[in-house]
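**Q** Quick one: structure below, then a few questions.
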Amino acid sequence: MSSSPSAAKLEEERRRAVSYLSSSGSAQDVKSEIQTMANIPLALSDKYLHIPAEAMLRDNVVSQNRQEVLESMGRLVKAFSILEKYGCNLTTPTRPRYWRSVKHNNPVFRATVDAIKGGRGVLYLYGYSNQQFDGLSFPDDITDPDVEKVAAVTLEVMTLRTEVDMLIKGTHPHPEFFRDIPLIVQQDELVSDAVVIPLAPGEEPVDTGTKPHSPPSPSKPAQIPGPGLPSKPPTSTTVSKCNLCGGVSSLICPSCGHLPFCEPCDGLFHLHLSRANHKRERIQKTKQEICSICGIASVQVQCSSCVQRLCLNCDRLYHSHPDRRGHNRSALRPDKPSSPSLLPWQCGHCTTVNEVRAVLCVTCERPRLATVAALSTQEDPTSIPSSPNTEWRCKSCTVVNQGSSVLCAVCERPRLATRPPLIPAPSNTASLADASSEWTCQVCTYVNTKPAAVCEMCNSPCKDLAAASTPHSLLLAPSLIKEPLQATVKPQPKPRVSLHQKRQKIMREDGLNLVHQIREAEKQGVSPEEVYAALCVCGGSNINPCDWLTSELPHLLDEICAMAASVQLNYIARDSGSQVSMERDGGTSGQHSVNMAGEGVQLSRAEAKQAWLAAGGDTERAVKQLLRDRQIKLRELRSLGFREVSQCEEALRQSGGEMKGALSLLQRPLLEPFHQRIWSEQPEAPFDLTNPDKQRMCRRLLALYDLPSWGRCELALSLLQEPDISYSLEDVVQAVKESHNRDLIKRLLNNECPCCLGIFPCSKMQSLTSCQCSVCHECFGQHFTVAVRDKHIRDMVCPVCSGPDINDPEQLDSYFSTLDIQLRDCLELDVYELFHKKLTEHALMKDPKFLWCCHCTSGFINDGDQLKVTCPSCHKSFCAQCKKPWEVQHQDLSCEKFQQWKRENDPECQRQGLAGYLRDNGITCPHCRFQYALTKGGCMHFTCSQCRYQFCSGCNNPFHTTACKTARCKITGLHAHHPRDCLFYLRDWEPPRLQALLQRNGVEFNIDPPNGTQNDACGVMEQKDEGGQQNDSPCGIQTQPGQAGLCEKHYKEYLVSLINGHSLDPAPLYTIVELTVACERYQVESPRAENEDDNTYHTRLLKKLMDVQLGEKVPRNK
């Protein structure tokens, strides 16, 4: 490409247009760029880089004469338009569903792209490089098209289409670049062909037939807009083509740059929201009248007799009929034919390009001049033929004709002809008299013989009774139409009575009468078939069909039954000893003949009525149909095993000929013994395993226990017949229903109960949802009965594994919700009610207002906010906060101040000393807040007697019986997690070490007994296990000097209570070994660095360990 300014401008426009088209895929977005690129003065080889523009123009433009050049260039524009749509479909973000292939059998493709040379080459540039048997497609390994390349090729196709279109219209600014191609005609010729010279005022068009071009008019020539001037809307003398499809345009849009559009393209293009408010102007064109039959050629002959304007060929064919030879016709001077009539035309509905001689579209069968708008607004959808064989309705007489007929079979008007106008009635008195008595409906063309306001046929109103009369072409005879119409119209004779109209009237009356009778019969419950058959019998009389059906039909049905029986008996008597018409074997034919001869055929009225209706009221046909139906039914009953003909006939007679009713009557005697045995009150016979009839046993198993198959029945029977079995029939049947494996069934039938060690089937074992342990039903019920009556609700766990962990509140709630369902069926009513009572109390304990009485074991809800509360059971008072018995001195004093006053003023408290202190600060359940006047010494695992909560008495942390949820905890047995200031760890320290910790933090402690006395035994109360029961008794261990009159165990508890009360951290007194163990216990990771001495390492570990908080639940501030 050259480096001129035009080339630089072209490259810039091309780059911008490729960007727009690649992102949107819409041709409207690059319309201005395309027009700019087409107007740039460059040679074709420099402007088009992808498509061979010169070769395509040279190969596709025919230059024998000007008309062929225009036609070939028009085909090229249409082909470029289709190629442009293919390219835009590939560049749009929402590609069509079948974008990967182009089919050759597409009529649009064959008529446009495939009709030019180089069209498939453009598709190859798009990416359709894979040749198929029915078209082109993308290769299988390509998932998406090359949008940039497709956009570039599409832009060149759009630019070349624009240039060729400007050449056709004569508006190309640089036609000199096309003079190197000898096949392109000169610009002035194209311009002169594109301009229609207007006629002088009063001058009529004359077809000379010698010159293809009209001489230029001396008036002002049509102005051709140049590239720099804005385009103007085409005038009435400019032949323009649609900007989208290339057809003849009828509208122009000033908002779109004065672009011309045809009616269908305008409706589609301006349907978009951004263009819906555009105002379009209609192009004023000289309307050329065309033939009313073919719709193609111009009008050359006018017939005043049949009111038709026809071309020469249609006039010759239409008036060749003998009845129309005498019509008066006059020749007209035809207008100059327009060029589009000599070109292939495009259907306005399906856009298929048809041949010149085609009248209807080859694809949609629509007329040549029909458009989408015209079809949707002017014609009824049902009148458009969908195929050549589709029936069509005449617009003149409304008669429905066959699809192959061209003229109407009644009025002989053409298929496309419109309704003829009515000729005004003559002004003489005779015509007025006729008009007053007869008038023609303008809607259905029915001749009304009586003066009325509406038509008798279609009920359409008579608009002008005085002016409405019969069409002139129908009233006059052919011999009277030879003469041309004179100024004074003579009176016409009365019209002849049309046999067709008379026949239509009779048919209409008969139809209305039949409809009326059917509607009246339906009100009485009579079907239309019965009415029709009754009319066939009594149609000649005035008897009402419903009355005849009520009075005469039963006698007729009896007569039909008698005639059928007589015919059958005569046939048997004539052909005795031979086979009857029904099929039977040799052993029963003789017997059947005797029965038929002796008793006759037994038929019912219901069968006779069905046959009579099927025959349409014909008696003879009804008799034949009745015998034929009876033979078919007898043959079907014999095939089911009922050989007795007389019984079959009687059953059919009683059931009215219905097969279901006959089968029910025939099967009832056979099922009578079975019914008696089922409904008898005798008990069912026991299942005898020693019965040798194996099949009988299996059938009984199938009937009684609903086993899935015969093989399962044999398997169950073999298991029951094994020696030394200990399971019942029901257990075996249940196990066989669950599995067909013999070994698995034996395992299901032999399960050992871990409680009673008995053998039970799987169906008689029961397990909890929290574990996999299974016990028998009896052990399950006994275990939970004892647990509900004698134990706490937290003891209601599995009798085998003692699961689940009751201390976990999540497991506790879900466990009791499912346990309630299981205990509902296995516990007695009173035990089940007690279980619900305990479950309710357990739920109430979670209420923060729930209190346990310190005097008795009752609990209640306290709604008050005072410290003094009274138990509703024992009527004794206690403090709601410290749970101590209420005393008068506690009034207006906090619990801490009251305890301090009591230690200072109560002689009994002073006498007990630290033993009373430990008792007053005993164990409090963290779950139900029940207080125990016991010390914490001894075993730290404490179980609350009220709620059965298991916890550590030193730190109140729960004890777990199974695996817990603590991170990195691998213990699955009984365990708890204690903080470092818990009594669980500090009880291992000696009293001097505990005293040193208190002295280090300035906390005072006692070392002398109360009142200077020394007791030999420790008097602190604690819980002891005596004889399998928990009892409260004094400690009784020997005391040591310097330990405040307590044993060493309780003195340590006293010192630890002071440490916990003042929140002292024992970590500063840890040795290096204790510090390392504590860091490992609390997952404090601090590896020792190289060359780090003991003191530095100890200080660093101590700092990290003290960052771990002390126990949150440890009792403090006592």
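Numbering of the sequence shown is given in my numbering, commencing with residue 8 and proceeding in unit increments. Glycine included, each C-beta is placed from N, C-alpha and C at the ideal position.
Go to C1042, then tell me how far its alpha helix (DSSP H) extends in each direction, as first and last residue.
**A** That residue, C1042, is in no alpha helix (DSSP H); it is neither H nor E in DSSP.
**Q** Starting from the C-beta of I681, find all residues in its chain whose C-beta is less than 6 Å away, skip the five residues before and the five after it, and write them out in chain order.
**A** As written in the sequence, residue 681 is Phe, which differs from the Ile given in the question. By the criterion of a C-beta distance shorter than 6 Å, F681 is surrounded by no residue of its chain, once the five residues flanking it on both sides are discounted.
**Q** For the stretch 881–893 against the stretch 962–981, are there 3 or more C-beta pairs whose distance is under 8 Å?
**A** Segments in contact, no.
**Q** Keeping to the same chain, check which residues put their C-beta closer than 6 Å to that of C404; ignore five residues upstream and five downstream.
**A** Apart from the 5 residues on each side of it in sequence, C404 sits with its Cβ closer than 6 Å to the Cβ of V417, C418, T452 in its chain, given in chain order.
**Q** Just checking my contact of T99 with G177 at CB under 8 Å: how many whole Å lie between their CB atoms?
**A** Actually they do not touch by this definition, with Cβ atoms about 34 Å apart.
**Q** Compare the Cα-Cα distances from P552 to each of E527, E566, G254 and report the closest residue.
**A** E527
**Q** How many Å lie between D854 and H982 at the Cα?
**A** Roughly 28 Å between the two C-alpha positions.
**Q** Which residue comes first and which comes last in the beta strand (DSSP E) that contains W859?
**A** 857–859
**Q** With distances taken Cα to Cα, identify the nearest neighbour of C989 among C786, Q829, I1066.
**A** Scanning C786, Q829, I1066 for the CA closest to the CA of C989 turns up I1066.
**Q** Can you tell me which of the three DSSP states Q194 falls into?
**A** At Q194 the pLDDT is 39, less than 50, meaning the model places this residue with poor confidence and gives no usable figure here.
**Q** Give the C-beta separation of A887 and V895 to the nearest angstrom, bearing in mind that I take them to be a contact with Cβ-Cβ under 8 Å.
**A** About 16 Å separates the two Cβ atoms, so there is no contact after all.
**Q** Name the two residues that bound the continuous beta strand (DSSP E) containing L143.
**A** 142–144
**Q** Could you give the first and the last residue of the continuous beta strand (DSSP E) run that contains A338?
**A** 336–338
**Q** Can the beta-carbon of G1026 be found closer than 8 Å to that of C1042?
**A** yes
**Q** To the nearest angstrom, how far is it from the Cα of K744 to the Cα of R635?
**A** Answer to the nearest angstrom: the Cα atoms are 52 Å apart.
**Q** Whole angstroms is fine: what's the gap from A283's alpha carbon to G274's?
**A** 10 Å
**Q** Less than 8 Å between the CB atoms is what I'm expecting for L1071 and N1008, so what's the real figure, rounded?
**A** 5 Å
**Q** In angstroms with no decimal places, state the Cα-to-Cα distance between S221 and E78.
**A** Low confidence applies here, because S221 scores a pLDDT of 37, under 50, leaving its location unreliable; read the following figure in that light. Approximately 19 Å, taken between the alpha carbons.
**Q** Give me the Cα-Cα distance between G94 and R422, rounded to the nearest whole angstrom.
**A** 42 Å
**Q** Alpha carbon to alpha carbon, what distance is there between Q789 and R975?
**A** 39 Å
**Q** With distances taken from CA atoms, which of C543, R955, L724 is nearest G623?
**A** It is C543.
**Q** Taking C-alpha atoms, which residue in G142, N96, F87 lies nearest to G126?
**A** F87
**Q** With DSSP as the reference, please indicate the residues paired to F867 in a beta bridge.
**A** L858
**Q** Using the three-state DSSP reduction, which class does R316 fall into: helix, strand or coil?
**A** In the structure shown, R316 sits in a strand (DSSP, three-state: E or B).
**Q** Helix, strand or coil for E61 per DSSP?
**A** helix
**Q** Which of helix, strand or coil does DSSP assign to W686?
**A** Under the three-state reduction of DSSP, W686 is assigned to helix.
**Q** Counting only the same chain and skipping the five closest in sequence on each side, list residues whose C-beta sits under 7 Å from that of S11.
**A** none
**Q** Since A158 and L28 are thought to touch, with beta carbons under 8 Å apart, how far apart are those beta carbons, to the nearest angstrom?
**A** 4 Å
**Q** For Q873, which residues of its own chain have a beta-carbon under 8 Å away from its beta-carbon, when the five flanking residues on both sides are left out?
**A** For Q873, where only same-chain residues beyond five positions count, the Cβ hits under 8 Å are A887.
**Q** Where are the alpha helix (DSSP H) runs, 4 residues long or more, that stay fully inside the stretch 669–723, in chain order?
**A** 701–712
**Q** Within a Cβ cutoff of 7 Å, which residues of the same chain sit near Y135, ignoring the five residues on either side of it in sequence?
**A** V109, L143, S144, F145
**Q** Using 8 Å as the threshold, is the C-beta distance between Q654 and L673 below it?
**A** yes
**Q** Could you check if G718 is buried or exposed, using at least 16 other CB atoms within 10 Å of its CB as the buried criterion?
**A** exposed
**Q** My understanding is that E656 touches Q609, with C-beta atoms under 8 Å, so please give their C-beta distance in whole angstroms.
**A** Contact holds; Cβ gap of about 5 Å.
**Q** When the Cα atoms are used, what is the spatial distance from G871 to K856?
**A** 9 Å
**Q** Count the other CB atoms within 10 Å of the CB of A970; is the residue buried (16 or more) or exposed (fewer)?
**A** Exposed, because fewer than 16 other Cβ atoms sit within 10 Å of the Cβ of A970.
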